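Everything below concerns the one structure shown next.
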Amino acid sequence: MKERRELAAGGVVGRGDRVLLVRVRNLEGELRWTFPKGHLEKGETWRAAALREVEEETGWRCRIRGALSSVSYRFRRGARPVFKRVRWYRMEPIEKTGRPDAEEILKTRWMTPAAAAARLSYPSDARVLARYRTTPNGPVPGLGWRKTKKRGTLSRRRRPGGDG
């Protein structure tokens, strides 16, 4: 079976000395703590997807303060292999706009980075949090992934001030 490619974007939302985590149920039905993220919609930029998904999953409208990391991993959805690339952004909340998506998100919680590190369920999330803790606000050089028009393939390019 051909490997499916998925693109997603999300954010590490920080307020003071806290970061925002979401509690979700994974494909196997297990409870997990993670950061808010979701799939890019057709024609959507990485940044727009990250902002939309964070607001949908947490109820917080945010602003992006810089790119953090691009993470790739493989897993299976049923019998089908999936390759997923996630672009992470540093965010700060602007205003509370509503409630989290009750179908996807079981709970949201503000935690210190140390408490979040102890709760995060996925090693890749722990690496993103470490990057958040050691990277100042602003762009991170070398993150230039974008979705191309040709069959949703991935392309790498550097664009100062771009979607990065």
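The opening residue of the sequence shown carries number 1 in our numbering; numbering runs sequentially from there. The beta-carbon is built from N, C-alpha and C at its ideal position, and this holds for glycine as well. If you're wondering where the values come from, they're calculated on a predicted model, not measured in any experiment.
With the cut-off set at 8 Å, would you say Arg90 and Tyr132 are in Cβ contact?
yes
Skipping 5 residues on each side, what residues in its chain have a beta carbon closer than 7 Å to that of Tyr73?
Lys84, Ser124
Spatial distance of Thr135 from Met111 (CA atoms):
19 Å
Which residue's Cα is closest to the Cα of Val19: Ala126, Arg109, Arg127, Ala118?
Arg109
Pick out whichever of Gly66, Ala67, Ala8 has its Cα sitting closest to the Cα of Glu41.
Ala8
Residue span of the beta strand (DSSP E) that contains Thr108, given as start and end:
105-111
So, with DSSP's three-state summary, where would you put Ala79?
coil
Give me the residue from Glu104, Lys107, Arg127 with the minimum Cα distance to Ala114.
Arg127
Under the three-state reduction of DSSP, which class applies to Pro253: helix, strand or coil?
Not covered by the structure: residue 253. The range shown for the chain is 1 to 164.
Within 10 Å of its beta-carbon, does Ala49 have 16 or more other beta-carbons around it, so buried, or fewer, so exposed?
buried
Reduced DSSP secondary structure (H/G/I, E/B, other) of Tyr122
coil
Please return the same chain residues whose Cβ sits closer than 7 Å to the Cβ of Gly59, not counting the five positions on each side in sequence.
Lys96, Thr97, Gly98, Arg99, Pro100
Glu134 - DSSP class collapsed to helix/strand/coil:
This sequence places Thr at residue 134; Glu is not what is there. It is helical.
Specify, as a first and last residue, the run of the alpha helix (DSSP H) that Glu57 falls within.
46-58
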